Amino acid sequence: MDLASRAEPNARDGSSANSPWHHRHGVWNRPLTVPSLVACPDCDFLQRIPEVPTGAAVRCRQCGKGLWRHKTDSLNRTLALSIAALALFVIANSVPMLGVNAVGRESFTTVAGGTQQLWQDGEKIVAVLVFFAAILSPALQIGLLLLITLGCGRPRPPFWVGVLLRHVQFFRTWSMIEVMLLGVLVALTKIAEIATIIPGLALFSLFGLVMLLAAMDSCFDPREVWERIEWANHKPHPVATAPEVQP
Amino acid sequence: MEHGLQSCHTCGLLSHPAPGAQTGYCPRCDEELHFRKPESLQRTVAFLIAAMACYVPANLLPVMSSTSAAGTESDTILQGVVLLWSPTGWPLSLIVVIASIMIPSAKIAAMLYLVLTVKRGAPRNNAQRVKLYRMVEFIGRWSMVDVFVDTFTVALIQLQPLMVVEPGPGLLFFAAVVVLTMLAVESFDPRLLWDANSPESTVAQVQPQHA
Ligand SMILES: [Zn+2]
Ligand SMILES: [Zn+2]
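Top line first, the protein sequences correspond to chains H and X. Heads up: the first sequence begins at 72 in this note's numbering, then just goes up one per residue. Heads up: the second sequence begins at 19 in this note's numbering, then just goes up one per residue.
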């Protein structure tokens, strides 16, 4: 197959081909000379990612996993959306989210106030979990993407951009603003039967934030960043330097 | 894997593995590389067993208790759903039933099924099984909804001396079920579903191409 024959010349792509690159704990793996060749993360099927027009998606041939979507102006849009998301996030966490009024008594809460009350009531582990899923993870998800897109503004994005990008997926998994918003709505319906609800500005900011986070996610193309950043082994990009040896 | 190449879990870069028993690192993102997630099945099973152990107290113990002039009343998740069931509130209580009761149990069952099929080396339905895995992965976070419902009910109903709501011991177990099942899904390697088809393609037989 063509793919295999293209991958082979890697063994001769330089004088250091037989001496491994030493990593502080082991060795660095040797990359292929064909960067478009990937193995599906869900089924390990080896395939080449074709160049597709913007907006088009590439799916795994064997299992249908979405491998890549060519996004329009990914970095600039992600940057703009993450700045807007950061602004809404700050608002959503600094003003009251909800209040209730029952027989002349009022009580207000913010997102952080919810975790604080749990902590005071002795449910410290759950309080930490709620804080992590509703405040810390979204903050880091937004902050990391902002730094990544800023770092990518340079002609050769530095390696720390990759260090940040490694952690984005983790915080994305545990950032649960949209789940929290549903939880708030259920709680509201429950409480509305016994007290009057006073919706706060933060509640509306959270609605906007959920939209922005979804848009940010669908605009961001990690593959584009990985293709541009400086490599961990500090070697020049293999595609840029390796001569294509034709047998 | 059958081509003797390692794919980076983090950045997707495909590379030739380090020679011998040395640990290989991704030259692009510095991640430690493996052919498969290490001890994937053992970790998944461990998280699932822990989740099942927490599932019982999560459903039997009260997640909230409210104190008012009429006395103290404690509610489990199911009782909370019944309370919410009204002509206007039923769509929301349906959400809670699905997110808090059906999703966690379906998730545990689905993950057990996937682990079992990998252990037995079932030869069929790979595409369906990987779709099941993706569905479990996508839907799992929503069972967290009840934790947030309780958090904000507790935070809002602090109307001393009229009515005060406090979290109950079931909340911790319920949150543990959600987190443990999410960790089980994270530690499962979906590529194992396809390996079962070709048991001969084990790591030991893979030869690094550039050696
Ligand atoms: Zn696939
Ligand atoms: Zn990598």
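The beta-carbon is built from N, C-alpha and C at its ideal position, and this holds for glycine as well. This one's a predicted model, so the numbers in the text were calculated from it and none came from an experiment.
First through last residue of the beta strand (DSSP E) which encompasses residue i
i        : result
H:Pro270 : Thr267 to Pro270
H:Gln118 : Leu117 to Arg119
X:Val182 : Met181 to Pro185
X:Ser33  : Leu32 to His34
X:Phe65  : X:Phe65 -> not in any beta strand (DSSP E); alpha helix (DSSP H) instead, spanning Ser58 to Leu78.
X:Asp93  : Gly89 to Asp93
H:Trp139 : Gly137 to Arg140
H:Val171 : Leu169 to Ala173
Residue i CB to nearest heavy atom of ligand 1 below 6 Å
i        : result
H:Asp113 : yes
H:Cys131 : yes
H:Phe116 : yes
X:Lys125 : no
CB-CB length for residue i against residue j, believed under 8 Å
i        : j        : result
X:Ala202 : X:Phe65  : 4 Å
X:Val196 : X:Met162 : 5 Å
X:Leu130 : H:Glu194 : So it is not a contact: roughly 29 Å between Cβ atoms.
X:Pro185 : X:Asp168 : 6 Å
H:Gly185 : X:Phe170 : 5 Å
H:Leu216 : H:Val239 : 6 Å
X:Leu134 : H:Val109 : With 8 Å as the limit, X:Leu134 and H:Val109 do not qualify as a contact, their Cβ atoms being about 30 Å apart.
X:Ser84  : X:Val183 : 5 Å
Buried/exposed call for residue i, threshold 16 Cβ in 10 Å
i        : result
X:Met120 : exposed
X:Thr28  : buried
X:Trp160 : buried
H:Trp99  : buried
H:Glu249 : buried
H:Asn89  : Since pLDDT at H:Asn89 reaches only 45, below the 50 mark, its modelled position is unreliable, and the value read off the structure follows with that caveat. Per the 10 Å Cβ criterion, exposed.
X:Ser205 : buried
Reference residue i, options the options, closest by Cα
i        : options                                   : result
X:Thr199 : X:Phe156, X:Cys44 and X:Thr171            : X:Phe156
H:Pro229 : H:Arg101, H:Arg132, H:Met287 and H:Glu298 : H:Glu298
H:Lys136 : H:Leu218, H:Cys111, H:Gly214 and H:Leu235 : H:Cys111
H:Ala258 : X:Ala124, X:Val99 and X:Leu134            : X:Val99
H:Val296 : H:Leu283, H:Ile269, H:Leu218 and H:Gly271 : H:Leu218
X:Phe152 : H:Leu150, H:Ile213 and H:Cys114           : The question names Phe, yet the displayed sequence has Arg at residue 152 of chain X. Of H:Leu150, H:Ile213 and H:Cys114, the residue nearest in Cα terms is H:Cys114.
X:Ile175 : H:Arg176, H:Met247 and H:Leu277           : H:Arg176
X:Ile126 : X:Leu79, X:Pro179, X:Gly158 and X:Phe166  : X:Gly158
X:Arg138 : X:His52, X:Gln97 and X:Asp213             : X:Asp213
H:Asp144 : H:Leu284, H:Gln212, H:Leu169 and H:Gly126 : H:Gly126
Extent of the continuous alpha helix (DSSP H) to which residue i belongs
i        : result
H:Ser145 : Ser145 to Ser165
X:Glu204 : Gly188 to Ser205
H:Ser178 : H:Ser178 -> not in any alpha helix (DSSP H); beta strand (DSSP E) instead, spanning Arg176 to Thr180.
X:Asn143 : Per DSSP, X:Asn143 belongs to no alpha helix (DSSP H) and is neither H nor E.
Residue i beta carbon near ligand 3 (any heavy atom closer than 6 Å)
i        : result
X:Gln176 : Of the ligands this structure carries, namely ligand 1 and ligand 2, none is ligand 3.
Check: residue i C-beta below 6 Å from any heavy atom of ligand 2
i        : result
X:Thr28  : yes
H:Arg101 : no
X:Glu49  : yes
X:Cys72  : no
X:Arg46  : yes
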